[in-house]
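Here the structure comes first, spelled out in structure tokens, and everything after it is commentary.
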Amino acid sequence: MNKRFGSWRSVFVCIVGFMAVFLIGLSACQQGGEVVVIDDDDIGGVVSGPDGPEAGVWVIAETTDLPTKFSRTVVTDDQGSYVVPDLPDATYDVWVRGYGLVDSEKIRLRPGTTQDLQAVLAPDQHAAAQYYPAGYWFSLIEVPAKSEFPGTGPGGNGILPTMRSQAEWLRNLKSGGCMACHQLGNKPTREVPAALGEFASMEEAWDRRIRSGQAGGSMYGGLNRMGLSAALEMFADWTDRIVAGELPPAPPRPVGVERNVVITQWDWADPTTYLHDEASTDKRDPTVNPYGSIYGALEASADYVPVLDPVSHMTSQVPVPVRDPNTPLAAGAPMEPSPYWGNEAIWDSRANVHNPMLDERGRVWLTSRVRPAENPAFCREGSDHPSARAFPTTRAGRHLAVYDPVSEEMTLISTCFSTHHLIFAEDENNTLWTSGGGQVIGWLNTKMFDETGDEERSQGWTSLIVDTNGNGQRDDYVEPNEPLDPAKDMRIRSGYYGVAYNPIDGSIWGSSLGFPGAILRLDPGTEPATTALTEIYETPWGNPEAPIQGYSPRGMDIDRNGVVWTPLASGHMASFDRSKCTVPLNGPTATGQHCPE
Numbered sequence: 023m024n025k026r027f028g029s030w031r032s033v034f035v036c037i038v039g040f041m042a043v044f045l046i047g048l049s050a051c052q053q054g055g056e057v058v059v060i061d062d063d064d065i066g067g068v069v070s071g072p073d074g075p076e077a078g079v080w081v082i083a084e085t086t087d088l089p090t091k092f093s094r095t096v097v098t099d100d101q102g103s104y105v106v107p108d109l110p111d112a113t114y115d116v117w118v119r120g121y122g123l124v125d126s127e128k129i130r131l132r133p134g135t136t137q138d139l140q141a142v143l144a145p146d147q148h149a150a151a152q153y154y155p156a157g158y159w160f161s162l163i164e165v166p167a168k169s170e171f172p173g174t175g176p177g178g179n180g181i182l183p184t185m186r187s188q189a190e191w192l193r194n195l196k197s198g199g200c201m202a203c204h205q206l207g208n209k210p211t212r213e214v215p216a217a218l219g220e221f222a223s224m225e226e227a228w229d230r231r232i233r234s235g236q237a238g239g240s241m242y243g244g245l246n247r248m249g250l251s252a253a254l255e256m257f258a259d260w261t262d263r264i265v266a267g268e269l270p271p272a273p274p275r276p277v278g279v280e281r282n283v284v285i286t287q288w289d290w291a292d293p294t295t296y297l298h299d300e301a302s303t304d305k306r307d308p309t310v311n312p313y314g315s316i317y318g319a320l321e322a323s324a325d326y327v328p329v330l331d332p333v334s335h336m337t338s339q340v341p342v343p344v345r346d347p348n349t350p351l352a353a354g355a356p357m358e359p360s361p362y363w364g365n366e367a368i369w370d371s372r373a374n375v376h377n378p379m380l381d382e383r384g385r386v387w388l389t390s391r392v393r394p395a396e397n398p399a400f401c402r403e404g405s406d407h408p409s410a411r412a413f414p415t416t417r418a419g420r421h422l423a424v425y426d427p428v429s430e431e432m433t434l435i436s437t438c439f440s441t442h443h444l445i446f447a448e449d450e451n452n453t454l455w456t457s458g459g460g461q462v463i464g465w466l467n468t469k470m471f472d473e474t475g476d477e478e479r480s481q482g483w484t485s486l487i488v489d490t491n492g493n494g495q496r497d498d499y500v501e502p503n504e505p506l507d508p509a510k511d512m513r514i515r516s517g518y519y520g521v522a523y524n525p526i527d528g529s530i531w532g533s534s535l536g537f538p539g540a541i542l543r544l545d546p547g548t549e550p551a552t553t554a555l556t557e558i559y560e561t562p563w564g565n566p567e568a569p570i571q572g573y574s575p576r577g578m579d580i581d582r583n584g585v586v587w588t589p590l591a592s593g594h595m596a597s598f599d600r601s602k603c604t605v606p607l608n609g610p611t612a613t614g615q616h617c618p619e
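23 is the number of the first residue of the sequence shown in the numbering used here; add one for each residue after it.
Structural data, given as structure tokens:
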């Protein structure tokens, strides 16, 4: 049932249906003929401001009466009407938030209530800006000019010489560094928390900030890769200007279909953890696990899978063990005290679960560490494992695990290749492909593993070989950075980050990080350890044949037509359709920039 009506239909409901509406108390006629119709599990009404109805603002209903904290948010229509639908039985705090406003007073309401709400105009632009998206605040940052690149180092402009262009700096700032983890521009990042201390300059404050907590080492390393002094100067200037009163432009309110969004949020896990990922179904068949639990990944923060039942609003935890008690912690000690947690090491994971994925039986597969990184003998040189004979491996920093919600059993799987993301193929073996293997890509034949429990026989991996001699098959190859040999193929180091299965031809696609970054395609062949061939398509950077220049993909996926989609650090949403390439896709020129289409 559509619970929002235009004015002509609203008038009809008000006049003809007033008796029934009055008796059940579930509708309200507004001045001017507008009506909001609700069910007994909804809250609805009209939001008004000093000048009349407020369109495109949010109405938030939040409660702590359920087993876990719960909220549902909707957007008002052109007449300012709202319906927060299908609410669980509880008492809710309801209030209005929107651009140009400050939060209204919270009103306690129960489902089945119609309640008009009064929006509160922001007293000034500064107050209004506190509700702007973090990205709007982050847009105020001023990166070094293009003329500053390549960097001249600590004795020059402070930018490292390895930063050859402004684009490379932006890539490190965005998808290659800070923004991979942080929502830069929110209040804690655009300002300096008082708990951090007092400093003589904002550069000193930022230098101290990035050394805070257990991620301090990675934050400090990230800015050092850009050029520490130049990066600190950039961030300090940004914060100084904000503290002095500079404001971002005002964002537009939601319009059109944007107003159809209904956002539901639950609290789960713990205050000291962070959610890296979640899964609720098998991507190959989204009807798997209907109304079932949602499973999360806490990465370095804790050794359990958080579970949410979205029907009962119950949360639970599934412990994720390791085989070897000597498996190291994923996070070290704090580099400097955190302004929030002090010297407490709040992250204590060894399993370091990164990515969950459900299979056709509703089991949850995880990229999860099960042991220290040193590989067992069957992975190494001298092993008779087919993949080890082709390309032995010595280390793997993360492996696999599978949880069966029916038996409540967690099974650990040691792999010879590192894992990061994972995806199921649509094949008879339910092959699970993984990214994160660096110089190799690995897979698990889950059908074989289910039948035998043999993790050694069930897994495989291959190096990434490009068919540069153009004969259509895998041959001897030159190593990375060696000159091309017209009689040989070429091995590349560009590893998989994102990973996706192409339902059109069974190929395995992925994104490769770095600058300018690339999209990879793997054709497994009949015996992937020795027959797989890789194609590499760099993003079109510095390519005069490309109509648009872009760089540095991160996450990616592929649609049912075999078209790859990926966001770029250059600010683009990019697609790549291999079928549009007009040049040979193998041979000596197929090394990255050969298909700008």
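Virtual Cβ for every residue (Gly too), placed ideally from N, Cα, C.
Beta-carbon gap between residue i and residue j smaller than 8 Å
i           : j           : result
residue 446 : residue 462 : no
residue 422 : residue 388 : yes
residue 491 : residue 497 : yes
residue 245 : residue 231 : no
residue 459 : residue 518 : yes
residue 594 : residue 577 : no
residue 251 : residue 180 : yes
residue 394 : residue 348 : yes
residue 148 : residue 269 : yes
residue 392 : residue 436 : yes
Span of the beta strand (DSSP E) around residue i
i           : result
residue 557 : 555-560
residue 71  : 65-71
residue 326 : 326-331
residue 300 : 299-301
residue 511 : 511-514
residue 80  : 80-85
Residue from the options whose Cα sits closest to the Cα of residue i
i           : options            : result
residue 207 : 319, 476, 159, 278 : 159
residue 586 : 344, 542, 248      : 542
residue 378 : 363, 217, 340, 356 : 340
residue 285 : 573, 107, 72, 100  : 107
residue 540 : 574, 526, 521, 552 : 574
residue 93  : 102, 101, 252, 83  : 83
residue 413 : 355, 513, 434, 346 : 513
residue 196 : 535, 266, 357      : 535
residue 235 : 354, 156, 508, 133 : 354
residue 443 : 60, 476, 369, 520  : 520
residue 486 : 426, 375, 528, 552 : 552
residue 198 : 276, 183, 176, 247 : 247
residue 101 : 162, 222, 278      : 278
Unbroken alpha helix (DSSP H) run spanning residue i, endpoints
i           : result
residue 264 : 250-265
residue 185 : Segment: none, residue 185 is in no alpha helix (DSSP H) and carries neither H nor E.
residue 147 : 147-151
residue 112 : Segment: none, residue 112 is in no alpha helix (DSSP H) and carries neither H nor E.
residue 465 : It is not in any alpha helix (DSSP H) - residue 465 instead sits in the beta strand (DSSP E) that spans 462-467.
residue 211 : 209-212
residue 159 : 156-160
residue 408 : 408-412
residue 167 : Unbroken run through residue 167: none, as it is neither H nor E.
Distance between beta carbons of residue j and residue i, contact taken as under 8 Å
i           : j           : result
residue 297 : residue 320 : 7 Å
residue 342 : residue 224 : Contact flag wrong, Cβ pair sits at about 41 Å.
residue 467 : residue 453 : 6 Å
residue 474 : residue 554 : Not confirmed; about 23 Å, so no contact.
residue 104 : residue 113 : Contact doesn't hold; Cβ gap of about 18 Å is too wide.
residue 233 : residue 336 : Not really, about 39 Å apart at Cβ, beyond 8 Å.
CA-to-CA distance, residue j to residue i, given in whole angstroms
i           : j           : result
residue 169 : residue 505 : 33 Å
residue 109 : residue 397 : 51 Å
residue 123 : residue 259 : 28 Å
residue 187 : residue 249 : 13 Å
residue 618 : residue 556 : 18 Å
residue 612 : residue 560 : 10 Å
residue 367 : residue 465 : 34 Å
residue 625 : residue 257 : Residue 625 is absent from the structure shown; the chain starts at 23 and stops at 619.
residue 79  : residue 204 : 26 Å
residue 72  : residue 145 : 13 Å
residue 418 : residue 167 : 40 Å
residue 533 : residue 601 : 18 Å
residue 450 : residue 538 : 36 Å
residue 604 : residue 510 : 24 Å
residue 213 : residue 152 : 12 Å
residue 609 : residue 306 : 34 Å
Proximity test, Cβ basis, 8 Å: residue i and chain C
i          : result
residue 61 : Among the chains of the structure shown, chain C does not appear; only one protein chain is present.
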